[in-house]
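A.B. asks: Residue numbers (the working numbering): 265 to 618.
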Ligand code: NAD
């Protein structure tokens with residue numbers, strides 16, 4: 265299996281190294297072969313080639329089976345025009361690979377309960393919610409404009425969705441629900457928005473193909489409240505681009521540890537992109553301080569969603585949990601009585617458990 269590696273900027277290279285170690289361990293354990301090709305994107309690509317997403321990078325990613333991405337960005341590139349900033353590379357990559365489904369699990373390991381701002385009784389034995397955000401349509405891509413002057417000046421954004429755009433993301437939701445607890449929550453604002461009414465109609469229609477899945481609907485304002493009040497009622501959530509942007513950040517912060525959370529951006533028949541949800545944390549780059557677990561959990565998602573290697577994914581997730589059980593912590597998740605370790609040691613311990 266061919267994997268394009270994009271270390272990127274800041275702590276990206278530190279954590280990508282750990283991902284490769286973990287994949288080597290999986291390769292030995294399950295007798296599968298991974299080949300890696302490292303490519304430039306983000307600030308490092310701007311410095312070396314003048315653009316955040318060189319054509320060569322896009323070509324290699326398109327011809328891979330999956331893409332593993334560290335993180336991009338940093339102060340030194342913040343004053344460049346929008347299309348030349350590191351983030352433009354990220355958006356270009358997602359667009360180029362047709363990634364329309366963004367999967368963001370919010371997983372709280374019971375060992376890290378204290379990192380959450382929620383009360384222990386609300387969290388129970390941990391959290392495991394999957395938020396699926398539609399990534400290429402809706403409010404962020406609809407027609408927008410600005411006209412007029414002075415106090416008459418007006419600006420607008422629009423929220424369009426087609427039947428087929430809703431259908432394909434709904435199917436991702438149902439398929440994932442089938443692999444989990446067979447519960448899908450579709451979030452919309454159908455009491456107000458016409459696009460949400462179409463959303464709800466289509467999702468309800470598609471549900472007929474997945475009779476085992478229990479489908480529910482919730483308005484987005486209520487969903488924002490319920491995530492805090494009783495997050496354990498959710499398993500898989502599927503929603504529009506902007507609603508998903510906000511709710512997935514809210515859900516991830518329930519876990520309180522940015523350094524732990526992976527994500528996947530998937531298209532149809534194109535390589536998936538797997539990356540931690542955190543940024544490049546430039547202030548700790550190259551100091552053996554970054555938590556590599558979000559990156560390593562992204563490798564587990566890659567095995568599960570791109571390579572159909574559920575056993576490999578579980579082996580990684582169990583290894584992470586065991587290392588936490590044994591009391592090892594990087595700085596960002598450190599607590600009294602635990603042992604502080606660096607990026608490399610965390611990678612090595614997880615490899616040893618695998
Ligand atoms: P950040 O996620 O990089 O950092 C936020 C805080 O969390 C910092 O205190 C950081 O030290 C800490 N942190 C993040 N990941 C960590 C890890 N793995 N281990 C330990 N601590 C960790 O967000 P930011 O500071 O807002 O952004 C820094 C840069 O990253 C910016 O240039 C931003 O544009 C970029 N960024 C990139 C992505 C991406 O590549 N997908 C996402 C978000 C931000």
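All C-beta atoms in this analysis are idealised placements derived from N, C-alpha and C, irrespective of residue type, glycine included. Computed from a predicted model, the values in this text were never measured in an experiment.
Pairing CB atoms from the stretch 477–493 with CB atoms from the stretch 434–454, are three or more of them under 8 Å?
C.D. replies: In short, these stretches touch, since the Cβ pair count reaches three.
A.B. asks: Based on Cα-Cα distance, which residue from 384, 459, 534 and 482 lies nearest to residue 374?
C.D. replies: Numbered from 1 along the chain shown, position 110 holds the residue referred to as residue 374. The shortest Cα separation from residue 374 among 384, 459, 534 and 482 belongs to 384.
A.B. asks: Would you check if the stretch 348–362 and the stretch 549–567 touch, i.e. whether three or more CB-CB distances between them fall below 8 Å?
C.D. replies: With the cut-off at 8 Å, the stretch 549–567 and the stretch 348–362 do not touch.
A.B. asks: Given a cut-off of 9 Å on the beta-carbon distance, is the pair residue 494 and residue 386 in contact?
C.D. replies: Walking along the chain shown from the start, residue 494 turns up at place 230. Walking along the chain shown from the start, residue 386 turns up at place 122. Contact flag set, yes.
A.B. asks: What's the call for residue 533, buried or exposed, on a 16-neighbour Cβ count within 10 Å?
C.D. replies: By one-based count along the chain shown, residue 533 stands at place 269. So residue 533 ends up on the exposed side.
A.B. asks: Helix, strand or coil: which one does DSSP assign to residue 539?
C.D. replies: Here residue 539 refers to the residue found at position 275 when the chain shown is read from its first residue. In this structure, residue 539 counts as strand in the three-state DSSP scheme.
A.B. asks: Would you check whether the ligand NAD has a heavy atom nearer than 8 Å to the C-beta of residue 336?
C.D. replies: Position 72 of the chain shown holds residue 336. True, at least one ligand heavy atom lies under 8 Å from that Cβ.
A.B. asks: Inspect the beta-carbon positions of residue 255 and residue 542 and report whether they are closer than 9 Å.
C.D. replies: The question about residue 255 has no answer, for the chain in this structure spans 265 to 618.
A.B. asks: Cβ of residue 608 versus every heavy atom of the ligand NAD: is any distance shorter than 8 Å?
C.D. replies: Numbered from its first residue, the chain shown carries residue 608 at position 344. The answer is no for residue 608.
A.B. asks: With contact counted as at least three CB pairs below 8 Å, one residue from each stretch, are the stretch 549–557 and the stretch 272–280 in contact?
C.D. replies: In short, these stretches touch, since the Cβ pair count reaches three.
A.B. asks: If residue 378 and residue 397 are in contact, beta carbons under 8 Å, what's the gap, nearest whole angstrom?
C.D. replies: The residue labelled residue 378 in the question sits at position 114 within the chain shown. The residue labelled residue 397 in the question sits at position 133 within the chain shown. Wrong, their Cβ atoms sit about 28 Å apart, outside the cutoff.
A.B. asks: Cβ atoms of residue 293 and residue 579: under 9 Å apart, would you say?
C.D. replies: Indexing the chain shown from 1 puts residue 579 at position 315. Indexing the chain shown from 1 puts residue 293 at position 29. Yes.
A.B. asks: To the nearest angstrom, report how far apart residue 599 and residue 406 are at their CA atoms.
C.D. replies: For this step, residue 599 is matched to residue 335 along the chain shown. For this step, residue 406 is matched to residue 142 along the chain shown. Each residue's alpha carbon lies about 45 Å from the other.
A.B. asks: Just to confirm before moving on: does the CB-CB distance between residue 539 and residue 526 stay below 9 Å?
C.D. replies: Working through the chain shown from its first residue, we reach residue 539 at position 275. Working through the chain shown from its first residue, we reach residue 526 at position 262. Their beta carbons are under 9 Å apart, which means residue 539 touches residue 526 by this criterion.
A.B. asks: Whose CA, out of 555, 273 and 492, lies closest to the CA of residue 339?
C.D. replies: In the chain shown, the residue the question calls residue 339 occupies position 75. Measuring from the Cα of residue 339, the nearest candidate turns out to be 273.
A.B. asks: Can you tell me whether residue 306 sits near the ligand NAD, meaning its C-beta is under 8 Å from at least one heavy atom of the ligand?
C.D. replies: Within the chain shown, numbered from 1, the residue matching residue 306 stands at position 42. Flag set: Cβ of residue 306 near the ligand NAD.
A.B. asks: Would you please state the rounded distance, in angstroms, between the beta carbons of residue 536 and residue 330? I believe it to be under 8 Å.
C.D. replies: Locating residue 536 in the chain shown gives position 272, counting from the first residue. Locating residue 330 in the chain shown gives position 66, counting from the first residue. Right, their Cβ atoms sit about 5 Å apart.
A.B. asks: Report yes if the C-beta distance between residue 501 and residue 487 is below 9 Å; otherwise report no.
C.D. replies: The count along the chain shown starts at 1 and reaches residue 501 at position 237. The count along the chain shown starts at 1 and reaches residue 487 at position 223. Yes. Within cutoff.
A.B. asks: Using a Cβ-Cβ distance cut-off of 9 Å, determine whether residue 405 contacts chain D.
C.D. replies: The question asks about chain D, but that chain is absent: this structure has only one protein chain.
A.B. asks: With a threshold of 8 Å (Cβ to nearest heavy atom), would residue 369 be considered close to the ligand NAD?
C.D. replies: As a first step, residue 369 must be located in the chain shown, where it is residue number 105. No - the ligand NAD has no heavy atom lying nearer than 8 Å to the Cβ of residue 369.
A.B. asks: Shortest alpha-carbon distance to residue 512 belongs to which of 390, 587, 317 and 399?
C.D. replies: As a first step, residue 512 must be located in the chain shown, where it is residue number 248. When only C-alpha atoms are compared, the closest one is 399.
A.B. asks: Note down, one range per segment and in chain order, each alpha helix (DSSP H) of at least 4 residues found wholly within the stretch 459–530.
C.D. replies: Whole alpha helix (DSSP H) segments, 4+ residues: 484–493 and 505–519.
A.B. asks: Indicate the three-state DSSP secondary structure (helix, strand or coil) for residue 546 in the structure shown.
C.D. replies: Taking the first residue of the chain shown as position 1, residue 546 is located at position 282. DSSP places residue 546 in helix when its eight states are reduced to three.
A.B. asks: Once you ignore the five residues that flank residue 576 on each side, which residues in its own chain have a CB closer than 7 Å to its CB?
C.D. replies: Residue 576 sits at position 312 when you count from the first residue of the chain shown. For residue 576, where only same-chain residues beyond five positions count, the Cβ hits under 7 Å are 290, 294 and 567.
A.B. asks: Alpha carbon to alpha carbon, how far is residue 285 from residue 617? Give it in angstroms, no decimals.
C.D. replies: The count along the chain shown starts at 1 and reaches residue 617 at position 353. The count along the chain shown starts at 1 and reaches residue 285 at position 21. Taking the straight line joining both Cα atoms gives about 12 Å.
A.B. asks: Short check: CB of residue 516 to CB of residue 597, under 9 Å?
C.D. replies: For the purposes of this step, residue 516 is taken as residue 252 along the chain shown, with counting starting at 1. For the purposes of this step, residue 597 is taken as residue 333 along the chain shown, with counting starting at 1. Contact flag unset, no.
A.B. asks: With H, G and I counted as helix, E and B as strand and the rest as coil, what does DSSP make of residue 272?
C.D. replies: Within the chain shown, residue 272 is the residue found at index 8, counting from 1. Of the three classes helix, strand and coil, the one that applies to residue 272 here is strand, per DSSP.
A.B. asks: Classify residue 505 as buried or exposed, calling it buried when 16 or more other Cβ atoms lie within 10 Å of its own Cβ.
C.D. replies: Position 241 of the chain shown, counting from 1, holds the residue named residue 505. Classification of residue 505: buried, given that the 10 Å Cβ count is 16 or more.
A.B. asks: From what residue to what residue does the alpha helix (DSSP H) around residue 608 run?
C.D. replies: Locating residue 608 in the chain shown gives position 344, where the first residue counts as 1. Note, residue 608: alpha helix (DSSP H), 607–617.
A.B. asks: Taking DSSP as the reference, what is the three-state secondary structure of residue 595?
C.D. replies: Position 331 of the chain shown, counting from 1, holds the residue named residue 595. Helix at residue 595.
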